[in-house]
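Trainee: Got a structure for you, written out below as structure tokens; questions coming shortly.
2 protein chains.
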Amino acid sequence: MAAGGLKMIQNMMEQLPASERKIAEFILENPQTVLNSTVQDIGVQAHTSGAAVIRLCKSLGLNGFQDLKVRIAGDLVKPVEQGYRDIEPGESFFSIVQKTTSNSIQSIRDSEEMINFEELERAVHTLSAAQNVHFFGIGASGIIAKDAQQKLLRIHKNATAFTDTHLVATLIANASQEDVVFGISHSGETSEVMKIMALAKERGVKTISLTKYGQSSVSSMADIKLFTSYSSEAPFRSAATSSRLAQLYIMDILFLSMATVQYEDTIHSIDKTREAIRFIKEGK
Amino acid sequence: MAAGGLKMIQNMMEQLPASERKIAEFILENPQTVLNSTVQDIGVQAHTSGAAVIRLCKSLGLNGFQDLKVRIAGDLVKPVEQGYRDIEPGESFFSIVQKTTSNSIQSIRDSEEMINFEELERAVHTLSAAQNVHFFGIGASGIIAKDAQQKLLRIHKNATAFTDTHLVATLIANASQEDVVFGISHSGETSEVMKIMALAKERGVKTISLTKYGQSSVSSMADIKLFTSYSSEAPFRSAATSSRLAQLYIMDILFLSMATVQYEDTIHSIDKTREAIRFIKEGK
DNA sequence: TCCTCTTTGAAACTACATTTCAATATTTTT
DNA sequence: AAAAATATTGAAATGTAGTTTCAAAGAGGA
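For the record, the sequence lines run as chains A and B. Residue numbering for the first sequence follows my numbering, beginning at 12 and increasing consecutively. Residue numbering for the second sequence follows my numbering, beginning at 12 and increasing consecutively.
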């Protein structure tokens, strides 16, 4: 989407090397300046080089300086942030509902901003072309995987979603080049998912990841990287809550994009699925 | 400021020479495209030249193409639309994302409005008091059930979530009065869920339902009725999409409410869960 | 019809984003 | 502690894309 550049920078801060961090700090302090400056300008003003600016853009997962510029421009016209609010003991039902609503919406909005359209497009095409899609996630992410599988099956795309590592390993060991492995892990550091991604990579099977925004083991192994907003999980100890909504949201976008690309086919499949369900249910 | 590019173009329209007007029209129709295209690209796509794009920028009183780009980026960050919008064939990725975002947010907002706080409170107390919670749903709702189970287990509440009707039937047949059966069905007319609810009722086991808003077989059998917004599913044939988010959202509220009611215990449980996971992972 | 003023796009030009690379710092290994 | 491997850095080279120029074509007026 056309915003979120500043948030991306904030989230990446700690993971950046010195020169890029200088640039990052400069930009956070002078976002407006970025819009009217050249890469070299910014480099000099932040007491480092222009190359560092480009490197920062790449570190953020963006395609280049133009991309960053556009996202920052978006940030500058946005109304004030809502932000996440944690839930505290002895809170009323009313305010729990309010906070949950606003946190949920916020995590969807933030994830929207993180979307890299080119990456999304590549994901859609890769999935559309795949013979089989193997979703894999553990715990909460395993549920997202199951959900995604159900969706793909609905539009006639073969998909698996197991949570047994050994089983999946066997599956991938025998997978064809036409298959795609889709690893889901909010933290991006779930060891099971990492192993599966590594195996897929080694076997030359295409991989897609869905993790929180930022550098992580899982995403760095993936050919195509999709992200949910980083902060989703941050504030409440209350277990994976918003992050799950955001993951589903991204999956919805993927699914709907695939469906749109092959619209006619899809409508047909969904209708047939409905018929099949009705048939089983009502026997007619 | 960093916006208003599109409005500028609209205002200038009549005063523009043919070639620039072609560009102007193209931009108004494909503002998103502008952000990822070069001047030459746009020239060609609008059946004229790149030079015309620059001339348009100058005619608008801007300093150049970058300036226009930044302003259009600002324009595209508009507040979310109200209402549901269906997704159509040949839609751009950009607008799929926009519509999915607004539909998702809308379904959460609408579900918030549907909440009956008294019913919510009863649900929370019933669940908190339960010895065992049996979640049950088929298909997409089965995933919500699994998710809910995971959440409850995290806070030390026994919960099951099977999709096998016979298995669940046996479970309920042997359930104690301290148990709760939680039926999930978006339509409220899934026959398997209806049967389970009926069985629970007959056995005198407490029941909670989560369905779309309105009268339905499942909800009418439940002691406590929770709802998601009706319209969630309405507009797109594109399979259960927003409805699922809304269901999760309601579950989040339930979970967080339960967690708040027994805050200290919960924090403790979550920490213990984390420790357990870390232990398994890292062996320390 | 001829002249003047405007518009147009191809090509030349220029500026700036991006890549490369050698030097340097940092971490890991032995 | 030394050596090797790895990561970081900015200056310079490169390539891409924005901008300007200019000759040709078109529009309007005398």
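We put the CB at the ideal spot given by N, CA and C, even for glycine. Note that the structure is a prediction, hence the values are computed from the model and not measured.
Taking a Cβ distance cut-off of 9 Å, strictly less, list which residues of the segment 116-128 of chain B are near chain A, in chain order.
Mentor: I116, I119, R120, S122, E123, I126 and F128
Trainee: Please report the distance separating the alpha-carbon of R165 (chain B) from that of D86 (chain B).
Mentor: For the purposes of this step, residue 165 (chain B) is identified with residue 154 of the second sequence, where counting begins at 1. For the purposes of this step, residue 86 (chain B) is identified with residue 75 of the second sequence, where counting begins at 1. If you take the alpha carbons of R165 (chain B) and D86 (chain B), they lie about 44 Å apart.
Trainee: When the Cα atoms are used, what is the spatial distance from Q188 (chain B) to G215 (chain B)?
Mentor: For the purposes of this step, residue 188 (chain B) is taken as residue 177 along the second sequence, with counting starting at 1. For the purposes of this step, residue 215 (chain B) is taken as residue 204 along the second sequence, with counting starting at 1. Roughly 7 Å between the two C-alpha positions.
Trainee: Name the chain B residues whose beta carbon is nearer than 8 Å to that of D158 (chain A)?
Mentor: What you label residue 158 (chain A) is simply residue 147 of the first sequence in a count that begins at 1. In chain order: A151, I154 and R255.
Trainee: Tell me where the beta strand (DSSP E) around G194 (chain B) begins and ends.
Mentor: Position 183 of the second sequence, counted from the start, is the residue given in the question as residue 194 (chain B). It spans V191 to I195 - the beta strand (DSSP E) in which G194 (chain B) sits, taken as one unbroken run.
Trainee: How would you write the range of the alpha helix (DSSP H) that A170 (chain A) sits in, first residue to last?
Mentor: Counting from one through the first sequence, the residue named residue 170 (chain A) turns up at place 159. No alpha helix (DSSP H) holds A170 (chain A); the beta strand (DSSP E) holding it covers N169 to F173.
Trainee: Counting only the same chain and skipping the five closest in sequence on each side, list residues whose C-beta sits under 7 Å from that of E99 (chain B).
Mentor: As a working mapping, residue 99 (chain B) is identified with position 88 in the second sequence. The answer is none, since no qualifying residue turns up.
Trainee: Taking the C-alpha atoms as reference points, what is the distance between E31 (chain A) and R66 (chain A)?
Mentor: Against the first sequence, residue 31 (chain A) aligns to sequence position 20. Against the first sequence, residue 66 (chain A) aligns to sequence position 55. Taking the Cα positions, E31 (chain A) is about 7 Å away from R66 (chain A).
Trainee: Using a Cβ cut-off of 8 Å (strictly closer), state whether F105 (chain B) contacts chain A.
Mentor: On the second sequence, position 94 is the one that residue 105 (chain B) refers to. So yes, F105 (chain B) belongs to the interface.
Trainee: Compute the Euclidean distance between the alpha carbons of T181 (chain B) and A209 (chain B), then round it to the nearest angstrom.
Mentor: In the second sequence, the residue the question calls residue 181 (chain B) occupies position 170. In the second sequence, the residue the question calls residue 209 (chain B) occupies position 198. Rounded to the nearest angstrom, the two C-alpha atoms are 13 Å apart.
Trainee: May I ask you to verify whether the segment 151-165 of chain A touches the segment 96-116 of chain A, counting CB pairs closer than 8 Å and requiring at least 3?
Mentor: Contact between the segment 151-165 of chain A and the segment 96-116 of chain A is absent, because fewer than three Cβ pairs lie under 8 Å.
Trainee: Inspect the CB distances between the segment 194-210 of chain A and the segment 135-149 of chain A and report whether three or more fall short of 8 Å.
Mentor: yes
Trainee: Check each candidate in B:I235, B:L79, B:N74 and B:Q51 and name the one with the smallest Cα separation from L39 (chain B).
Mentor: Along the second sequence, read from residue 1 onward, the residue named residue 39 (chain B) stands at position 28. Nearest C-alpha to L39 (chain B): B:L79.
Trainee: What is the residue span of the beta strand (DSSP E) that I320 (chain B) lies within?
Mentor: Nothing about residue 320 (chain B) can be reported from this structure: the residues present for chain B run from 12 to 295 only.
Trainee: Please go through the same chain and pick out, in chain order, the residues whose beta-carbon is closer than 8 Å to the beta-carbon of Y224 (chain B), but skip the five residues on each side of it.
Mentor: Here the question's residue 224 (chain B) lines up with position 213 in the second sequence. Closer than 8 Å at the Cβ level, and outside the excluded window around Y224 (chain B), lie M125, F238, T239, S240 and Y241.
Trainee: Which full runs of the alpha helix (DSSP H) of 4+ residues lie inside the segment 50-106 of chain A, going along the chain?
Mentor: 50-56, 61-70 and 76-88
Trainee: Could you name the residues of the same chain whose beta carbon sits closer than 8 Å to that of A184 (chain A), not counting the 5 residues immediately before and after it, in chain order?
Mentor: For the purposes of this step, residue 184 (chain A) is taken as residue 173 along the first sequence, with counting starting at 1. Around A184 (chain A): L210 and R214.
Trainee: Out of A:M232, A:Q226, A:V50 and A:E129, state which residue places its alpha-carbon closest to the alpha-carbon of I20 (chain A).
Mentor: As a working note, residue 20 (chain A) is residue 9 in the first sequence. Minimum Cα distance to I20 (chain A) is reached at A:Q226.
Trainee: Starting from the C-beta of S230 (chain A), find all residues in its chain whose C-beta is less than 6 Å away, skip the five residues before and the five after it, and write them out in chain order.
Mentor: Looking up residue 230 (chain A) in the first sequence gives position 219. Around S230 (chain A): G199, S220, T222 and K236.
Trainee: Just the C-alpha distance for V192 (chain A) and F173 (chain A), rounded to the nearest angstrom, thanks.
Mentor: For this step, residue 192 (chain A) is matched to residue 181 along the first sequence. For this step, residue 173 (chain A) is matched to residue 162 along the first sequence. Between the alpha carbons of V192 (chain A) and F173 (chain A) lies a distance of about 12 Å.
Trainee: Would you please state the rounded distance, in angstroms, between the beta carbons of A257 (chain B) and I119 (chain B)? I believe it to be under 8 Å.
Mentor: As a working note, residue 257 (chain B) is residue 246 in the second sequence. As a working note, residue 119 (chain B) is residue 108 in the second sequence. Your pair A257 (chain B) and I119 (chain B) checks out as a contact, with CB atoms roughly 6 Å apart and the cut at 8 Å.
Trainee: Which of the three DSSP states is assigned to S30 (chain A) in this structure?
Mentor: Here residue 30 (chain A) is taken as the residue at index 19 of the first sequence, counted from 1. Helix at S30 (chain A).
Trainee: Tell me, please, whether the CB atom of D263 (chain B) is closer than 8 Å to any CB atom in chain A?
Mentor: Numbered from 1 along the second sequence, position 252 holds the residue referred to as residue 263 (chain B). Yes - at least one Cβ of chain A is within 8 Å of the one on D263 (chain B).
Trainee: Measure the alpha-carbon distance for V81 (chain B) versus Y95 (chain A) and round it to whole angstroms.
Mentor: Counting from 1 along the second sequence, the entry for residue 81 (chain B) is found at position 70. Counting from 1 along the first sequence, the entry for residue 95 (chain A) is found at position 84. Their backbone Cα atoms lie some 28 Å apart in a straight line.
Trainee: Quick one: is T239 (chain B) near chain A, going by C-beta distance under 8 Å?
Mentor: For this step, residue 239 (chain B) is matched to residue 228 along the second sequence. T239 (chain B) does not count as touching chain A.
Trainee: With DSSP as the reference, label V45 (chain A) as helix, strand or coil.
Mentor: By one-based count along the first sequence, residue 45 (chain A) stands at place 34. Here DSSP, grouped into helix, strand and coil, assigns V45 (chain A) to helix.
Trainee: Can you check whether the CB of Q56 (chain B) is closer than 8 Å to the CB of L76 (chain B)?
Mentor: Counting from one through the second sequence, the residue named residue 76 (chain B) turns up at place 65. Counting from one through the second sequence, the residue named residue 56 (chain B) turns up at place 45. The sequence shown places Phe at residue 76 (chain B), not Leu. No, the pair does not count as a contact, with Cβ atoms beyond the cut-off.
Trainee: Straight-line CA distance for D4 (chain B) to R133 (chain A)?
Mentor: Outside the shown range of chain B (12 to 295) lies residue 4 (chain B), about which nothing can therefore be said.
Trainee: Looking at the strands, I want to know which residues DSSP matches up with V144 (chain A).
Mentor: On the first sequence, residue 144 (chain A) is found 133 positions in, with the first residue counted as 1. A:A170 and A:V191.
Trainee: Excluding sequence positions up to five away, which residues of its chain have a Cβ less than 6 Å from the Cβ of Q51 (chain B)?
Mentor: What you label residue 51 (chain B) is simply residue 40 of the second sequence in a count that begins at 1. Around Q51 (chain B), the same chain offers G61 as residues with beta carbons nearer than 6 Å, after the five sequence neighbours per side are excluded.
Trainee: Residue range of the beta strand (DSSP E) that T218 (chain B) falls in?
Mentor: If you number the second sequence from 1, residue 218 (chain B) lands on position 207. Element bounds for T218 (chain B): K217 to K223.
Trainee: Determine the burial state of G101 (chain A): buried for a count of at least 16 other Cβ atoms within 10 Å of its Cβ, exposed for fewer.
Mentor: Here the question's residue 101 (chain A) lines up with position 90 in the first sequence. Exposed.
Trainee: Going by beta-carbon coordinates alone, are L46 (chain B) and R255 (chain A) separated by less than 8 Å?
Mentor: The count along the second sequence starts at 1 and reaches residue 46 (chain B) at position 35. The count along the first sequence starts at 1 and reaches residue 255 (chain A) at position 244. No. Outside cutoff.
Trainee: What residue range does the alpha helix (DSSP H) around T271 (chain A) cover?
Mentor: On the first sequence, residue 271 (chain A) is found 260 positions in, with the first residue counted as 1. In this chain, the alpha helix (DSSP H) harbouring T271 (chain A) covers S253 to V272.
Trainee: Using a Cβ cut-off of 8 Å (strictly closer), state whether K18 (chain A) contacts chain B.
Mentor: Taking the first residue of the first sequence as 1, we reach residue 18 (chain A) at position 7. No, no contact with chain B.
Trainee: At least one CB of chain A closer than 8 Å to the CB of S268 (chain B): is that the case?
Mentor: The residue given as residue 268 (chain B) occupies position 257 in the second sequence. S268 (chain B) counts as touching chain A.
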